[in-house]
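One structure is given below, encoded as structure tokens.
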Amino acid sequence: MTTSNSLVYLIALPLTGAALLLIGGGRTNKWGHLLATALSASSFGVGLYQLAQMLGRTNDARPVSQKLFEWIHVTNFNVDAGLLLDQLSICFVLLITGVGTLIHIYSISYMSHDHDRRRFFAYLNLFIAAMLLLVLGDSYLNLYVGWEGVGLASYLLIGFWNQKPAYATASKKAFVMNRVGDMGLSFAIMIAFATMGTVSFSGVADQAQHTSKAALTAMGIMLLVAAAGKSAQFPLQAWLGDAMAGPTPVSALIHAATMVTAGVYLITRSNFIFDAAPTAQLLVVIVGAITLMFGALIGTAKDDIKKALAASTMSQIGYMILAAGLGPVGYAFAIMHLLTHGFFKAGMFLGAGSVMHGMNDEVNMRKYGALRKFMPITFATFGLGYLAILGVPPFAGFYSKDMIIESAFNAGGTKGIILGSVTLLGAGITAFYMTRVMILTFTGTKRWDEEAHPHESPWLMWLPMGILAIGSVASGYLLSRGNALVNWLHPLFIQHVKHEELLKPIVVSGLALTMVALGVAIAFNKYARQDVANVAPEKVSRITKFVRQDLMQDRFNEAVFMRPGQALTATLVATDELVIDGAVRGVGSIALGSGSALRGVQNGFVRSYAALILIGAVALVAAIWVVVA
Amino acid sequence: MDAGNYLYVSALLFTIGAVGVVLRRNAIVVFMCIELMLNAANLSFVTFSRINGDLNGQVMAFFTMVVAACEVVVGLAIIVTIYRSRRSASVDDANLLKR
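Taken in sequence, the protein lines are chains A and B. In terms of the numbering used here, the first sequence opens at residue 1 and continues consecutively. In terms of the numbering used here, the second sequence opens at residue 630 and continues consecutively.
Encoded structure:
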């Protein structure tokens with residue numbers, strides 16, 4: 001395999017930035033954000049250089065590796081801190097550093113009024129470094145370090161405004177739920193080590209065929225748990241909505257474009273495990289299907305623009321996970337949807353940030369309306385993202401989402417029909433809630449608060465939005481032209497097994513577009529042709545109430561995990577107090593009690609002492625007498 | 630004459646002394662009762678010396694007398710001091726030890 005010495009710069013540059021800004025403290029306030037942006041951009045430059053190098057080589061010689069240092073070296077267990085850049089990780093590297101840099105630029109303006117902007121940029125750089133380590137690590141253990149790093153950065157950034165208790169709680173919730181997934185990943189690593197004796201990707205890939213199916217299935221399920229935690233998939237999805245407490249650029253970068261897609265990366269990277277463990281693979285598809293419906297349904301009831309977009313993210317990642325669970329046919333499409341989604345969702349989040357910027361940080365869409373005239377650029381970029389997520393040709397989502405729907409239908413048998421229908425229905429609901437967001441925000445009548453003075457954002461903000469909008473328009477076409485991405489990723493996965501086509505691509509596209517048109521029409525009918533109340537109506541059906549409460553996800557977690565957990569803790573505390581402390585205190589009180597009982601003897605009267613001595617002496621003599629006689 | 634009778638007398642004297650120590654309040658009387666107990670012990674020693682036909686018990690009696698003489702000196706001094714400070718020779722009045 002080709003080696004390179006420059007891979008480490010990808011990670012080292014943003015990491016240096018984070019270290020400088022955090023250690024430098026207030027002295028770096030003036031230029032900290034510029035340094036962070038420049039370092040992120042130079043990391044993107046290194047990524048482009050690597051891509052150019054990679055394009056110059058043949059398929060087999062494309063992966064590049066770099067050994068950093070010997071990390072763990074114990075008899076037959078060796079893990080080096082090593083980096084691996086192959087066709088899959090380069091996609092992520094460019095997405096992370098590219099979108100990351102744009103969001104750095106956006107944040108310069110967005111966070112300009114925040115006195116803690118330097119700390120924000122330090123965390124952003126920390127995130128970029130950790131995320132790059134996640135996708136560049138050449139073993140599960142190296143990936144795990146990055147995995148924890150992005151979790152930390154996410155926690156710090158969600159709770160960036162932790163002076164508000166609700167935001168601090170949201171960051172804690174995200175962290176705790178992520179820990180559940182992290183446990184899954186560490187179990188998967190332990191299984192790999194116990195059964196295969198190695199944790200590197202290449203080692204595990206080689207050993208997979210000699211390993212028992214049970215071990216592979218267990219490892220696959222654990223990896224799925226990990227992916228579910230990080231990517232907000234069912235049943236660990238509840239944290240993503242609350243994660244919107246973070247500043248909007250964070251939502252765009254971490255909770256839309258990059259970190260939440262780490263689960264998709266993990267499953268795609270572990271394709272050798274899932275291909276050999278059909279049960280685990282089936283579970284992946286099921287989780288993806290459930291989440292894509294779950295997120296789409298939640299999205300229909302949200303009035304908070306960021307939470308609506310978060311629900312949409314959850315649903316779109318459901319599509320990716322579903323595609324990744326379809327096996328070799330789906331991996332490339334999962335990555336393609338991930339990349340296009342990175343563009344249009346990040347763009348829309350930045351658009352939402354721009355709207356909030358102009359509306360005094362109001363997030364309730366019922367208090368928006370008619371913003372098209374006041375924010376034309378935001379409207380245009382958001383609109384392009386909207387067309388992309390809907391899957392209208394020739395925008396990006398059309399290529400990536402249709403491929404997934406088509407592969408789902410072609411999965412074969414009843415499974416194919418069920419999955420295909422779910423993805424189609426999801427596309428329709430997506431169209432409904434995204435149209436709702438568009439109509440509530442940009443058209444209709446003004447429903448603003450009195451102090452709102454909407455205005456277009458400065459160029460530092462709309463420039464990144466514009467670039468991402470171009471990506472939303474063109475990325476799908478560019479990635480699928482001549483099957484570019486599929487062929488690019490081809491060497492990494494087991495060769496395609498050609499399925500019989502259940503439906504022709506043109507039929508699938510037709511069906512998908514019909515569903516989308518239906519969704520748009522319903523939303524149009526419900527929100528554009530009637531006046532929208534500026535407070536959410538109370539008299540709604542039970543189903544609406546159910547959906548508004550996020551399909552009871554929090555209540556479920558509370559009832560199934562939190563309450564029993566609290567009860568368990570209370571029991572343990574009680575046991576501790578009664579049994580352990582009880583024993584300790586018991587010894588004490590026995591000594592104390594016997595002491596105070598005997599204290600009465602010490603009355604200070606000489607005669608009673610003398611009497612006691614006499615009694616003792618008599619008793620002693622009597623005892624000796626009894627023994628001797 | 631049977632040496633056992635001396636031991637009975639000794640036991641009687643010791644008992645009278647012990648009862649006196651426990652029951653009487655006057656420090657001087659208590660003190661005298663202690664002397665009585667010591668002398669009862671002396672009588673026993675001497676009797677055992679006679680029974681065994683050696684001098685060990687008699688030597689022991691001399692030790693007892695020496696100790697008793699010392700004890701009288703120290704004890705009377707304490708009693709006189711207590712009497713000076715408390716105007717009382719009752720042992721029950723000197724009960725500060727419990728505090």
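No residue lacks a Cβ here, since even glycine has one placed at the ideal position from N, Cα and C.
- For A/Val606, the nearest beta carbon of chain B is closer than 9 Å to its own beta carbon.
- With contacts defined by Cβ atoms closer than 9 Å, A/Ala192 and A/Met219 form a contacting pair.
- By the neighbour-count definition (other C-beta atoms within 10 Å, threshold 16), A/Tyr49 is an exposed residue.
- If you look at A/Glu406, you'll find it in the alpha helix (DSSP H) that goes 396-409.
- The beta-carbon distance between A/Ala536 and A/Thr445, rounded to whole angstroms, is 17 Å. This is too long to meet the 8 Å contact definition.
- In this structure, A/Leu236 keeps its C-beta atom at 9 Å or more from the C-beta atom of A/Met196.
- With 16 or more other Cβ atoms inside 10 Å of its own Cβ, B/Asn671 counts as buried.
- Under the Cβ distance rule, A/Leu614 counts among the residues neighbouring chain B, one pair being separated by less than 9 Å.
- By the CB criterion at 9 Å, A/Ser472 and A/Gly412 fall outside the cutoff.
- Contact between the region 273-284 of chain A and the region 344-354 of chain A is absent: fewer than three C-beta pairs spanning the two stretches fall below 8 Å.
- Neighbours of A/Ala570 in chain B, taken as residues at a C-beta separation under 7 Å, are lacking, since the least C-beta distance is about 47 Å.
- Residue pairing from DSSP places A/Lys67 in a beta bridge opposite A/Gly82.
- Under the 9 Å criterion on CB atoms, A/Asn162 is classed as non-interfacial with respect to chain B.
- Any Cβ of chain B closer than 9 Å to the Cβ of A/Ala610 would place that residue at the interface, and such an atom is present.
- Scanning chain A for C-beta atoms nearer than 9 Å to the C-beta of B/Asn724 yields Asn603, Gly604, Phe605, Val606, reported in chain order.
- Looking at the backbone, the Cα of A/Arg555 and that of A/Gln549 are separated by about 9 Å.
- Inclusion of B/Leu652 and A/Gly604 in the CB contact set at 9 Å is not warranted, their separation being larger than that value.
- Under the three-state reduction of DSSP output, A/Gly369 falls in the coil class, being neither helix nor strand.
- Rounded to whole angstroms, the gap between the alpha carbons of A/Ile418 and A/Leu424 is 10 Å.
- In the three-state scheme derived from DSSP, where H, G and I count as helix and E and B as strand, A/Ile72 is classed as strand.
- Those residues of the region 681-712 of chain B placed with their C-beta closer than 8 Å to a C-beta in chain A do not exist.
- B/Tyr637 counts as exposed, since fewer than 16 other beta carbons sit within 10 angstroms of its beta carbon.
- In this structure, the straight-line span from the alpha carbon of A/Gln163 to that of A/Pro464 is close to 29 Å.
- Counting every other CB atom within 10 Å of its CB across the protein chains shown gives A/Thr414 a total below 16, marking it as exposed.
- Membership of A/Thr313 in the alpha helix (DSSP H) is indicated by the continuous run 305-325.
- At a beta-carbon threshold of 7 Å, the residues of chain A lying near B/Val650 are Ala610, ordered along the chain.
- Secondary structure within the region 501-564 of chain A: the alpha helix (DSSP H) runs of 4 or more consecutive residues, fully enclosed, are 505-523, 542-548, 553-557 (chain order).
- In the displayed model, A/Gly137 falls within a strand according to three-state DSSP.
- Leaving aside the five residues that flank A/Ala308 on each side, the residues in its chain whose CB is nearer than 6 Å to its CB run, in chain order, Gly299, Lys302, Val437.
- Contiguous alpha helix (DSSP H) elements confined to the region 182-224 of chain A occur at 201-207, taking only those with 4 or more residues.
- Rounded to the nearest angstrom, the gap between the Cα atoms of A/Met222 and A/Ala168 is 29 Å.
- Residues of chain A whose Cβ lies closer than 8 Å to the Cβ of B/Ala647 are, in chain order, Leu614.
- In the three-state reduction of the DSSP assignment, B/Asn655 falls in the strand class.
- Listed along chain A, no residue sits closer than 7 Å to B/Asp631 by beta-carbon distance, the nearest being about 21 Å off.
- When DSSP states are grouped into helix, strand and coil, A/Phe77 belongs to the strand group.
- At least 9 Å separates the beta-carbon of A/Gly295 from that of A/Leu322.
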